[in-house]
Ligand code: PHE
């Protein structure tokens with residue numbers, strides 16, 4: 003069957019030619035040669051069909067159609083390949099498993115700030131902010147810490163060398179320093195707002211401490227301030243306990259030790275029970291009833307209003323809740339640590 007052989011030859015030559023066409027122009031040349039309506043070889047083959055005998059006809063016709071379809075399909079396939087943009091993407095195998103893009107997440111401390119605000123918000127405290135670069139007036143004087151007080155020792159503070167950096171707020175004077183406590187914000191709020199007051203402020207504070215598992219030269223404090231007609235120590239203790247239990251999600255024992263801060267009277271230091279950590283108790287901050295001198299300094303009448311204030315280290319709460327053994331994890335930027343939150 004000579005005719006059948008011609009079909010087969012035609013088919014293999016056409017497929018090879020299509021495959022080796024490297025550009026759209028090459029492909030068009032091949033198309034005209036093998037499939038062209040006027041002088042293409044497909045037309046010649048079609049002309050031969052008439053020569054088949056009556057018995058041969060069905061078989062030959064069928065084979066002719068097969069070949070025609072196969073070559074047309076190969077032409078289309080090649081056309082699609084050549085029209086793909088020439089880039090790395092053209093070799094992309096979309097059936098391969100992909101690389102999952104790494105999704106970032108909020109830093110555990112940022113999550114903690116959001117939660118602290120949420121919990122205190124439920125107790126009716128609104129959020130205020132103050133500058134991290136402070137003047138001595140707000141960091142000390144207004145907080146009843148006199149000029150010669152040991153707490154002002156430059157060795158215990160980060161004073162700024164530039165004398166005239168301006169404070170974020172009133173700029174009431176004195177040398178500038180990185181605030182060592184968020185109690186500065188108490189003053190800034192009371193200077194501008196008449197009582198009653200119920201605010202918190204969360205932010206960074208700086209102290210040139212020796213860095214170890216529970217101390218850092220930069221950490222976060224949450225300052226709370228509540229001023230009203232009859233605010234008392236019992237309310238302070240209740241707010242602190244409710245806050246600690248809401249954040250930790252279980253009962254926790256707070257221990258109040260008599261202490262001294264120049265801006266509160268009476269003053270307490272607050273510890274939280276923490277099994278397995280340094281003798282079972284960890285200090286979380288200070289608190290007390292706002293000292294009448296401070297109230298007077300901002301123009302309040304200590305006979306009319308009273309209030310409590312507290313300042314908590316935020317990291318230690320977060321460490322306790324997530325069982326983090328070292329405060330340095332927060333600033334080491336180790337993705338293996340961070341991705342757990
Ligand atoms: N500012 C104090 C500290 O940083 C804590 C404190 C805040 C104490 C408010 C009393 C009242 O140690």
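In our numbering, the protein residues as written are 3 to 343. From the three backbone atoms N, C-alpha and C, an ideal C-beta is built for every residue, glycine too.
CB contact flag (residue i, residue j, <8 Å)
i	j	result
residue 293	residue 310	no
residue 1	residue 94	Examination of residue 1 is not possible in this model, given that the chain is present from 3 through 343 alone.
residue 315	residue 221	yes
residue 283	residue 257	yes
residue 37	residue 74	yes
residue 32	residue 26	no
residue 189	residue 144	yes
residue 198	residue 230	yes
residue 226	residue 312	yes
residue 136	residue 181	yes
residue 39	residue 45	yes
residue 118	residue 213	no
residue 322	residue 274	yes
residue 216	residue 286	no
residue 105	residue 191	no
residue 62	residue 17	no
Residues near residue i by beta carbon distance below 6 Å, same chain, minus five either side
i	result
residue 228	200, 309 and 310
residue 138	176 and 177
residue 69	9 and 13
residue 262	269
residue 326	none
residue 96	none
residue 128	201
Assigned exposure category for residue i - 16 Cβ within 10 Å defines buried
i	result
residue 301	exposed
residue 107	exposed
residue 169	At residue 169, the pLDDT of 46 sits below 50, so the modelled position is not reliable and the matter cannot be decided from this model.
residue 337	exposed
residue 184	buried
residue 133	buried
residue 373	Because the chain here runs from 3 to 343, residue 373 falls outside it and cannot be looked at.
residue 151	exposed
residue 115	buried
residue 289	buried
residue 98	exposed
residue 195	exposed
residue 179	buried
Residue i - partner residues in DSSP beta bridges
i	result
residue 217	214
residue 111	DSSP, once it has assigned bridges, lists no residue as partnering residue 111.
residue 312	226 and 289
residue 160	180
residue 283	275
residue 296	DSSP output for residue 296 lists no bridge partner at all.
residue 10	Note: residue 10 sits in no beta bridge, so no partner.
residue 269	261 and 290
Close beta carbons around residue i, own chain, < 7 Å, minus the five adjacent residues each side
i	result
residue 87	none
residue 253	247
residue 42	34, 35 and 36
Sequence-distant residues of the same chain with beta carbon closer than 8 Å to residue i, five excluded per side
i	result
residue 111	222, 316, 317, 320 and 332
residue 67	none
residue 48	66
Exercise for the section: Quick one: which unbroken alpha helix (DSSP H) runs of 4-plus residues sit fully inside the stretch 183 to 264? Chain order, please. Expected result: 185 to 194 and 235 to 250
Practice task
Would you list, in sequence order, the uninterrupted beta strand (DSSP E) runs of no fewer than 3 residues that lie entirely inside the stretch 128 to 154?
Solution key: 135 to 137
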